[in-house]
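Everything on this sheet refers to the single structure shown next.
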Amino acid sequence: MRPLTRRTVRQTVVVLLTGVVALVIGVFTASAEGSVGPHEADLEITLTHQVAVDLGPLGKLLVDSPAPWPIGVQVDVGEIPASLTEVENPLDALGGDVEAYAAFFSQPQTAVATAVWALVSDAVARTILLWSIALVVIATGQLAAGGLLRAELRDKLRRRGVAPLVAVTALAVIGVPVAGVVERPEEEGRPSQVLADLGGVMDGARVTGRLAALVDTYGERAIQTVRSTQSYYDVVAQNVRDAYAADDEPLEPNRPLRPLVVAVPEDDTEVEEDAAAGDVDGDGDAATGDATDEPGADADAENGSDSTDEPTRGSDPTRTPTPTRTPTRAPVDELDPDVVTVMLISDNHCNTGMGRVMGAVAQLSEADLVLNLGDTTMGGSGPESICVDAIANELTDFPVVVADGNHDSMLTGDQERGHGWTVLDGGVVEVEGLRIVGDRDPRLTSVTLGKREFLTKGEAAEKVTQAACAGVDPDDPGSRVDILAIHDPYVGNRIMPSGCIVLELSGHLHRRVGPFQQGLGLFYGMASSGGATSGNLTLGELPATATIAVLQYDRANKRPTALREVRIATDQSVTLTPWEAFPEMPLESVDADLSPAGS
Numbered sequence: 001m002r003p004l005t006r007r008t009v010r011q012t013v014v015v016l017l018t019g020v021v022a023l024v025i026g027v028f029t030a031s032a033e034g035s036v037g038p039h040e041a042d043l044e045i046t047l048t049h050q051v052a053v054d055l056g057p058l059g060k061l062l063v064d065s066p067a068p069w070p071i072g073v074q075v076d077v078g079e080i081p082a083s084l085t086e087v088e089n090p091l092d093a094l095g096g097d098v099e100a101y102a103a104f105f106s107q108p109q110t111a112v113a114t115a116v117w118a119l120v121s122d123a124v125a126r127t128i129l130l131w132s133i134a135l136v137v138i139a140t141g142q143l144a145a146g147g148l149l150r151a152e153l154r155d156k157l158r159r160r161g162v163a164p165l166v167a168v169t170a171l172a173v174i175g176v177p178v179a180g181v182v183e184r185p186e187e188e189g190r191p192s193q194v195l196a197d198l199g200g201v202m203d204g205a206r207v208t209g210r211l212a213a214l215v216d217t218y219g220e221r222a223i224q225t226v227r228s229t230q231s232y233y234d235v236v237a238q239n240v241r242d243a244y245a246a247d248d249e250p251l252e253p254n255r256p257l258r259p260l261v262v263a264v265p266e267d268d269t270e271v272e273e274d275a276a277a278g279d280v281d282g283d284g285d286a287a288t289g290d291a292t293d294e295p296g297a298d299a300d301a302e303n304g305s306d307s308t309d310e311p312t313r314g315s316d317p318t319r320t321p322t323p324t325r326t327p328t329r330a331p332v333d334e335l336d337p338d339v340v341t342v343m344l345i346s347d348n349h350c351n352t353g354m355g356r357v358m359g360a361v362a363q364l365s366e367a368d369l370v371l372n373l374g375d376t377t378m379g380g381s382g383p384e385s386i387c388v389d390a391i392a393n394e395l396t397d398f399p400v401v402v403a404d405g406n407h408d409s410m411l412t413g414d415q416e417r418g419h420g421w422t423v424l425d426g427g428v429v430e431v432e433g434l435r436i437v438g439d440r441d442p443r444l445t446s447v448t449l450g451k452r453e454f455l456t457k458g459e460a461a462e463k464v465t466q467a468a469c470a471g472v473d474p475d476d477p478g479s480r481v482d483i484l485a486i487h488d489p490y491v492g493n494r495i496m497p498s499g500c501i502v503l504e505l506s507g508h509l510h511r512r513v514g515p516f517q518q519g520l521g522l523f524y525g526m527a528s529s530g531g532a533t534s535g536n537l538t539l540g541e542l543p544a545t546a547t548i549a550v551l552q553y554d555r556a557n558k559r560p561t562a563l564r565e566v567r568i569a570t571d572q573s574v575t576l577t578p579w580e581a582f583p584e585m586p587l588e589s590v591d592a593d594l595s596p597a598g599s
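Using full-length UniProt numbering, you'd call the opening residue of the sequence shown number 1 and step up by one each time.
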């Protein structure tokens, strides 16, 4: 054998051997943190090919592992984090816990798969790291030995006591983690017909200890509720498909649309009712005496903002009576349309059942992009990753851009990025040919993590305005940013007068607002996609009508062209509203008193 061939063979063997060793160590030392309902959980790999959820004195829940044989997972369930209970109202904390339990049992396959692949990801990362370190060490040794590494090793191993020491060290490095996994016995448990009725990953589930008696005694009621909820949303998804099949204009309007003229509401009974109930911003958050929650009393005086720019109570919160600037623009030549379809969702509030409905609408509308306007979770805690998973797992074929809301935390943003979503953070991004600017909500109003304010609304608006206007030529309307995606319209109404953005899209109010002119652009406010209303959790069946919107936007001529809503009523009926045109693009900024009559 030629020297070059021998060298190549030796190096290949070394690479493969170190890879195998790194894989063994990486797999058998992998660990991760997860959640079961509102509980924290520690995850470890086993060789039992089952997911064992250890509930302490109650016993264990055992299901087959979705990972390759023989990989299994040991899930040690811990406490409910203290942060989940440190809120002003204990009932809010209880509501958050119930929401987390319901989310787990309504989508158990999502929770189990997430736990397994979290461990697989950790094992892969450890393997690559260890393999890289081993190869670097070997290469460094070869360089240091001047090509005589094998001779040096042979000399060292011939010394008395060195070979046994190396063998013991190798056994300790490889054998200890392997033994810790191998020695864990596969637990039998006994089959549970109650859990088997759930199907999916629960088919063949087994239980041990007192958990078996609890499941048999009380589980049937819970399973009936879960099964009823699953069936409810199965019917909704089918009704969506039937509605699209019967529609004459499923993908785009086949007739000219006249611009929609939306009158300014003469009163705003919903806002007034919310205020009377102690909910001053319409998002279901009870008043706490914090001035930042009160329209017209925003804490922006400290940075020079004029509080008179805020609408008075009862007026439309998205309208700005006096813009900070009043630029004008000249008409431009019409270009051939280049239309992109955007599906809009907002304020789902962890209604996991709506995930499959959103997936159906995205497919049937042939969406190019999904824009999530925030409040995907109830409070943004770690266990609420399932709220994100339930939507993300249904939208894997679509790019998703999200502007997190006041019920989403920084952790929620990390979970969304983990699914490949583009999380807006104050800058401009380009997705599917659309330039989109936006940011997370400047405050956190969480039933699990309490209330915090990161920026005032004025500061948040200034940050986004600067990013949006950075590349805009006042003499070139085509340089404007296409869309402002911002959860809270109280922030957006401070940005749009800049004239740098074509269209603002917001959520937060749990009701439709617009479309109408906003500054030198247009505005549309989304209703809740999860059926959220003031003071109601989105548990189980829809507590109110849910809305998913489909927007068509002409990229060539920088304007929205058509809008329709998919409305799902509490009785599971689905309505596709007629396609609507947006108002004509304004040539001058709004500068009028838009308060309701009599205010």
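Glycine included, each C-beta is placed from N, C-alpha and C at the ideal position.
| Item | Value |
| --- | --- |
| Quick one, which of ASN406, GLY521, ARG159 has its alpha-carbon nearest ASP441's? | ASN406 |
| Under 6 Å Cβ to Cβ from GLN518, same chain only, skipping five residues before and after it: list those, please. | MET496, GLU504 |
| Tell me which residue opens and which closes the alpha helix (DSSP H) that MET354 is part of. | 354–364 |
| In chain order, what residues of the same chain lie with their CB nearer than 6 Å to the CB of ALA403, ignoring the 5 residues before and after it? | LEU373, GLY374, LEU424, GLY438, ALA485, ILE486, HIS487 |
| In terms of alpha-carbon separation, which member of ALA532, ILE501, ASP571, GLU580 lies closest to LYS558? | ILE501 |
| Could you name the residues of the same chain whose beta carbon sits closer than 6 Å to that of VAL491, not counting the 5 residues immediately before and after it, in chain order? | LYS457, ALA460, ALA461 |
| Expressed to the nearest angstrom, what Euclidean distance is found between the alpha-carbon atoms of ASP64 and HIS419? | 24 Å |
| With a cut-off of 8 Å, do at least 3 Cβ pairs link the region 377–392 to the region 549–557? | no |
| Could one say the Cβ of ALA562 lies closer than 8 Å to chain D's Cβ atoms, at least one of them? | Absent from the structure is chain D; it holds one protein chain and no more. |
| Do you know offhand how far residue 657's Cα is from MET358's? | Residue 657 lies beyond the range of the chain shown here (1 to 599); nothing can be said about it. |
| From what residue to what residue does the alpha helix (DSSP H) around GLY458 run? | 457–469 |
| Under three-state DSSP, which class holds PHE28? | helix |
| Kindly indicate the opening and closing residues of the beta strand (DSSP E) around GLU504. | 501–506 |
| Compute the Euclidean distance between the alpha carbons of SER409 and GLY433, then round it to the nearest angstrom. | 28 Å |
| Helix or strand or just coil, what does DSSP make of THR545? | coil |
| Is it right to say ASP347 is buried, meaning 16 or more other beta carbons lie within 10 angstroms of its own, or is it exposed? | buried |
| Using the beta-carbon count (16 or more within 10 Å), is VAL20 buried or exposed? | exposed |
| In angstroms, rounded to a whole number, what distance separates the CA positions of ASP520 and ASN239? | The question names Asp, but residue 520 in the sequence shown is Leu. Cα to Cα, the separation comes out at about 39 Å. |
| For ALA291, does the three-state DSSP call read helix, strand or coil? | Residue confidence is low: ALA291 scores 34 on pLDDT, short of 50, so the model does not pin down where it sits. No coordinate-derived value is stated. |
| Nearest CA to the CA of ALA546: which residue from ARG480, THR533, VAL136? | THR533 |
| Does the Cβ of VAL73 have 16 or more other Cβ atoms within 10 Å, making it buried, or fewer, making it exposed? | buried |
| How many angstroms separate the CA atom of ALA468 from the CA atom of SER498? | 9 Å |
| List the whole-angstrom C-beta distance separating VAL236 from SER365, where the pair is believed to meet the contact cut-off of C-beta under 8 Å. | About 16 Å separates the two Cβ atoms, so there is no contact after all. |
| Give the DSSP bridge partners of PRO560, in chain order. | TYR553 |
| For a test of the three-state rule: what should DSSP assign to ALA52, helix, strand or coil? | strand |
| Compare the Cα-Cα distances from GLN415 to each of ARG435, GLY427, ALA390 and report the closest residue. | ALA390 |
| For VAL75, which option in GLY525, ASP397, LEU62 has the closest C-alpha, if you only look at C-alpha atoms? | LEU62 |
| Residues in its own chain within less than 7 Å of GLY531 by CB, not counting five upstream and five downstream? | ASN351, THR538, LEU542, PRO543, ALA544, THR545, ALA546 |
| Nearest-angstrom Cα distance between GLY282 and THR29? | Per-residue confidence for GLY282 stands at a pLDDT of 39, beneath the threshold of 50, marking its modelled position as unreliable; the derived number appears in the next sentence. Rounded to whole angstroms, GLY282 to THR29 spans 48 Å at the Cα level. |
| For VAL136, count neighbouring C-beta atoms within 10 Å of its own C-beta (all shown protein chains included) and say buried if the count is 16 or more, exposed if not. | exposed |
| Can you list, in chain order, the residues of its chain whose CB lies under 6 Å from that of ARG567, leaving out five sequence neighbours each side? | THR545, THR547, THR575 |
| Pull up the distance between the alpha-carbon of LEU47 and that of ILE71, whole angstroms please. | 5 Å |
| Kindly list the residues whose CB is nearer than 6 Å to the CB of ALA563, restricted to its own chain and excluding five residues on each side of it in sequence; keep chain order. | Looking at the sequence itself, residue 563 is Leu, so the reference to Ala does not match. Around LEU563: LEU551, GLU580. |
| Just how far apart, CA to CA, sit THR5 and VAL14? | 14 Å |
| If you run the structure through DSSP and keep just helix, strand and coil, what is GLU44? | strand |
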